[in-house]
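With UniProt numbering applied, the sequence shown corresponds to residues 1 to 289, in that order. The beta-carbon is built from N, C-alpha and C at its ideal position, and this holds for glycine as well. In what follows, a structure is listed as structure tokens, so that the remarks can point back to it.
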Amino acid sequence: MGYQAEFKVWRGDATGGDFVDYRVDVEEGEVVLDIMHRLQATQAGDMAVRWNCKAGKCGSCSAEVNGRPRLMCMTRMSTFGEDETITVAPIRTFPVIRDLVTDVDFNYQKAREVPALAPPEDLAPGEYRMAQVDVDRPQEFRKCIECFLCQNVCHVVRDHEENKEAFAGPRYLMRIAELDMHPLDVRNRKEDAQEEHGLGYCNITKCCTEVCPEHIKITDNALIPMKERVVDRKYDPLVWLGKKIFKRQELEGRGATGARSLDHPGPDNGSALPADEIEHIEQRGGAQA
Numbered sequence: 001m002g003y004q005a006e007f008k009v010w011r012g013d014a015t016g017g018d019f020v021d022y023r024v025d026v027e028e029g030e031v032v033l034d035i036m037h038r039l040q041a042t043q044a045g046d047m048a049v050r051w052n053c054k055a056g057k058c059g060s061c062s063a064e065v066n067g068r069p070r071l072m073c074m075t076r077m078s079t080f081g082e083d084e085t086i087t088v089a090p091i092r093t094f095p096v097i098r099d100l101v102t103d104v105d106f107n108y109q110k111a112r113e114v115p116a117l118a119p120p121e122d123l124a125p126g127e128y129r130m131a132q133v134d135v136d137r138p139q140e141f142r143k144c145i146e147c148f149l150c151q152n153v154c155h156v157v158r159d160h161e162e163n164k165e166a167f168a169g170p171r172y173l174m175r176i177a178e179l180d181m182h183p184l185d186v187r188n189r190k191e192d193a194q195e196e197h198g199l200g201y202c203n204i205t206k207c208c209t210e211v212c213p214e215h216i217k218i219t220d221n222a223l224i225p226m227k228e229r230v231v232d233r234k235y236d237p238l239v240w241l242g243k244k245i246f247k248r249q250e251l252e253g254r255g256a257t258g259a260r261s262l263d264h265p266g267p268d269n270g271s272a273l274p275a276d277e278i279e280h281i282e283q284r285g286g287a288q289a
């Protein structure tokens with residue numbers, strides 16, 4: 001059975017705006033996006049709303065409903081009381097274009113900054129082979145519909161505009177983690193994540209996971225493991241030893257007369273550490289990371 005609900009919808013543009021009160025009919029089974037369409041049809045024909053599929057798969061209709069980032073097409077009116085006033089506002093982290101429509105270009109810029117898959121140079125297209133476990137491991141990350149609710153709710157950029165240049169946000173750190181898990185990707189994603197995309201800014205509050213409409217465990221399955229791999233790589237004793245060996249070799253100079261070298265026997269060191277063993281140390285360090 002239908003009823004009438006009180007709505008407060010933010011109206012305005014980049015120069016400013018405010019909430020406008022509406023009283024509107026609600027029918028059984030409807031979602032918030034249905035109500036926005038009814039308002040457009042009956043009371044606010046010029047209200048701007050971004051939407052597309054109305055099936056929770058395009059990520060277009062992101063908004064903040066009663067202060068919580070949600071997809072309007074997946075937020076059922078039955079979750080609210082009939083006497084409850086419902087507020088609908090644009091997602092706060094990004095600049096308003098008009099009414100409920102925001103400029104999410106920040107996210108597309110960050111997407112372009114993430115290098116694509118980098119397979120080995122000696123591996124031709126058509127020769128890629130992966131174990132099923134490597135396919136399954138990052139599979140949930142591919143469910144992302146790019147609604148940018150995780151980007152919106154992350155306080156690193158939500159409350160600190162100055163961090164936007166250095167911080168990619170949970171959506172694209174998740175993408176980097178996915179590529180780092182790929183067995184055929186040879187790029188150093190751990191260094192990229194920490195140095196280029198601001199992984200260290202994330203303090204794992206899990207707010208991104210809480211608002212994800214696809215229920216992706218962004219924090220537990222992408223961000224925390226990525227942080228662990230970054231730390232493992234940075235402080236791995238085998239990697240540290242390998243770097244010390246090569247640094248010492250560089251300082252002493254290759255082939256210097258009477259120099260004590262690790263890959264060339266000298267009168268003082270008795271036996272050498274072969275170059276292939278040094279390479280093996282580096283490889284073991286990379287595998288652990």
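Could you please give the first and the last residue of the uninterrupted alpha helix (DSSP H) stretch that includes residue i?
| i | result |
| --- | --- |
| Glu209 | Before going further, note that residue 209 is Thr rather than Glu in the sequence given. That run of the alpha helix (DSSP H) goes Cys207 to Val211. |
| Arg50 | Premise fails: Arg50 is in no alpha helix (DSSP H) and is neither H nor E. |
| Arg158 | His155 to Arg158 |
| Phe106 | Asp105 to Glu113 |
| Arg171 | Pro170 to Met181 |
| Ala41 | Val32 to Thr42 |
Kindly indicate which three-state DSSP category residue i falls into: helix, strand or coil?
| i | result |
| --- | --- |
| Lys243 | helix |
| Glu162 | helix |
| Ser78 | helix |
| Pro225 | helix |
| Val135 | helix |
| Ile145 | coil |
| Gly17 | strand |
| Arg70 | strand |
| Thr102 | strand |
| Ala63 | strand |
| Asp185 | coil |
| Ile216 | coil |
| Tyr201 | helix |
| Asp25 | strand |
Between residue i and the rest of its own chain, which residues show a CB-CB distance below 6 Å, the 5 nearest in sequence each way excluded?
| i | result |
| --- | --- |
| Met77 | Val26 and Glu30 |
| Arg175 | Val114 |
Going by DSSP, what residue range makes up the beta strand (DSSP E) through residue i?
| i | result |
| --- | --- |
| Val9 | Tyr3 to Asp13 |
| Thr87 | Thr85 to Ala89 |
Who are the Cβ neighbours of residue i in its own chain at under 8 Å, not counting the five residues just before and after it?
| i | result |
| --- | --- |
| Glu210 | Val153 |
| Phe80 | Ala5, Asn66 and Ile86 |
| Arg70 | Val32, Ser62, Ala63, Glu64, Leu149, Val211 and Pro213 |
| Asp134 | Met181, His182 and Pro183 |
| Arg11 | Gly17, Asp18, Phe19, Val20, Ala44, Met47 and Asp99 |
Within its chain, find whatever has a CB closer than 7 Å to the CB of residue i; leave out the 5 residues flanking it on each side and keep chain order.
| i | result |
| --- | --- |
| Ala118 | Asp185, Val186 and Arg187 |
| Lys190 | Asp180, Arg229, Val230, Arg233 and Ala289 |
| Asp136 | none |
| Asp103 | Phe94, Pro95 and Ile97 |
| Gln139 | none |
| Cys147 | Gly59, Ser62, Leu71 and Pro213 |
Is residue i near residue j, with beta carbons less than 9 Å apart?
| i | j | result |
| --- | --- | --- |
| Asn221 | Tyr172 | no |
| Lys227 | Ile245 | no |
| Val49 | Leu100 | yes |
| Met72 | Trp51 | yes |
| Glu82 | Phe141 | no |
| Pro237 | Cys208 | no |
| Cys144 | Phe167 | no |
For chain D, find out if any of its Cβ atoms is closer than 9 Å to the Cβ of residue i; answer yes or no.
| i | result |
| --- | --- |
| Asp159 | This model lacks chain D altogether, as it is built from one protein chain only. |
Measuring only from the beta carbon, is residue i closer than 8 Å to any heavy atom that is part of the ligand HEM?
| i | result |
| --- | --- |
| Phe246 | The model on display carries no ligand, and the ligand HEM is accordingly not part of it. |
For the pair the stretch 106-124 and the stretch 54-73, tell me if three or more CB-CB distances fall below 8 Å. no
Are the stretch 120-129 and the stretch 29-43 touching by the rule of at least three beta carbon pairs closer than 8 Å? No, the stretch 120-129 does not touch the stretch 29-43.
The stretch 50-57 in contact with the stretch 12-24 per 3-pair CB rule at 8 Å: no
Measuring CB atoms only, is the stretch 152-167 touching the stretch 196-209, in the sense that at least three cross pairs come out at less than 8 Å? yes
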